[in-house]
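So the sequence shown is numbered by my numbering: it starts at 24 and just counts up by one. Every residue, glycine too, gets a C-beta built ideally from N, C-alpha and C. Small disclaimer: the values here were computed from a predicted structure and weren't measured. Input: a single structure, listed below in structure tokens.
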Amino acid sequence: MIEKNGYYYDVYFKDSIYSKITAVNQIASNEVFVGDFVQVATMDDTLDITKVLERNTLVSKESSTALKAFHERKDEQILATNVDSVFILIAADQRFTIGKLERYILTFKKEDIELSVIITKSDFEDKADEIRNEILKYYPNMDILLLSQFDENSIDKFKALVENKTVSILLGASGVGKSTLFNTLFAKEDQNTQDVRVDGKGKHTTTSTRMLYNDELDAYIIDTPGFKTISAAHQVDENILFSEIQEFAQDCKFRDCTHSHEPGCAVKKAIDDGVISEAYYGRYLENKRIIKGQERHQLMKERMKNK
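Following this line, the structure appears as structure tokens:
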């Protein structure tokens, strides 16, 4: 399934797109998403989705009532399914914080999904370099691609990141250039891209999640609406960003060591020895605080439901 508009779906089958297909009554609207493999059948001279096949992966975030464009299911917004690679886009001309990038990574990186960071609008060279240096200050091993629609070489580098016969999704805030990149890949101008506002905040340029097949790459690309708030609807795996700390933590004297004040802490020793940077450790503590806050928030929501 390549696009969803309300209760209507566009389905790609044998090099053709079948539009405005509906689903049989027992399949609810919140059970079909972009990326799903579906079975269809002719019923009363119309095509209907009769079954949604099992999914390999799921890209989702916590629901936000302000985001009508995504498909909500309880407290989870499912953005797409059967995704192999996630591309997080950050615009050089928008306000950047390392915390926001961390939330993207912790929310969308999973063991079976590759994740890449793309700094778009890199023709703002000073700003793009500043953002890249800020990221590398904390995460020196992170791969980052600088991309500009005016630099064909950077577009080619992006294409090289997309593996054949895979599904990739473009994620990021409004105005970061998802639709511009999408248009470039498909040589179309039907995505209604808009300029960002003078205060640097993006306008929503895409109103629905949409997937197309790219012949050159032999792969599917998904474009998504931008969003402002970001947090995970699933339990976060700290190893995604802080595997170094978790490795040293195995040698701590106490199994419940918080790596803050306990004697015999292998993490604190690694910091003193210069093996782990103070900056990296600081981000670990900050994310620990945020994750605990999210866990308390989820627990409170569960308790409210059960009342």
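DSSP state of residue i mapped onto helix, strand, coil
i      : result
Leu124 : helix
Tyr24  : Note that residue 24 corresponds to Met in the displayed sequence, not to Tyr. Three-state result, Met24: coil.
Asn48  : coil
Asn237 : strand
Glu54  : helix
Thr73  : strand
Thr104 : strand
Thr65  : strand
Phe36  : strand
Val221 : Reliability of the predicted coordinates at Val221 is poor, the pLDDT of 36 falling under 50, and no value is obtained from them.
Phe110 : strand
Arg96  : Caution applies to Arg96, whose pLDDT of 45 falls short of 50 and renders its modelled position unreliable; the model cannot decide the point.
Tyr41  : strand
Whole-Å CB distance - residue i paired with residue j, under 8 Å assumed
i      : j      : result
Val75  : Glu54  : 6 Å
Asn28  : Ser231 : 6 Å
Leu169 : Ala151 : 5 Å
Gly287 : Phe277 : 7 Å
Ile192 : Ile167 : Not confirmed; about 18 Å, so no contact.
Thr130 : Lys84  : 5 Å
Lys182 : Leu240 : 6 Å
Lys44  : Leu70  : Rather than Lys, the amino acid found at residue 44 in this sequence is Ile. Between Leu70 and Ile44 the Cβ distance is about 5 Å, and since that is below 8 Å, they are a contact.
Ala242 : Lys324 : Going by Cβ atoms, the distance from Ala242 to Lys324 rounds to 37 Å, so no, they are not a contact pair.
Proximity of residue i and residue j at Cβ, strictly below 9 Å
i      : j      : result
Thr247 : Leu194 : yes
Thr58  : Val190 : Residue 58 is actually Gly in this sequence, not Thr. Their beta carbons are under 9 Å apart, which means Gly58 touches Val190 by this criterion.
His284 : Cys275 : no
Ala103 : Met234 : yes
Leu208 : Ile245 : no
Ile299 : Ile268 : yes
Ile306 : Ile121 : Rather than Ile, the amino acid found at residue 306 in this sequence is Arg. Yes; because the gap between Cβ atoms is below 9 Å, this pair is in contact.
Ile136 : Val199 : no
Tyr32  : Met24  : yes
Asp179 : Lys144 : no
Asn310 : Glu125 : yes
Asp107 : Thr80  : yes
Gly173 : Asp149 : In the sequence under discussion, the amino acid at residue 173 is Phe, which differs from the Gly named in the question. Going by C-beta atoms, Phe173 is not nearer than 9 Å to Asp149.
Tyr304 : Ile294 : yes
> Which parts of the region 138-214 are runs of the beta strand (DSSP E), unbroken and 3 residues or longer, counting only runs that do not cross its ends?
Replying inline: The region 138-214 contains these whole beta strand (DSSP E) runs: 167-169, 190-194.
>> Going residue by residue through the region 242-330, where are the continuous alpha helix (DSSP H) segments of at least 4 residues, counting only ones entirely within it?
In response: Taking only runs of at least 4 residues, the alpha helix (DSSP H) segments lying wholly in the region 242-330 are 262-272, 289-295, 301-329.
> Between the region 64-83 and the region 145-162, do three or more beta carbon pairs fall short of 8 Å?
Replying inline: The region 64-83 is not in contact with the region 145-162.
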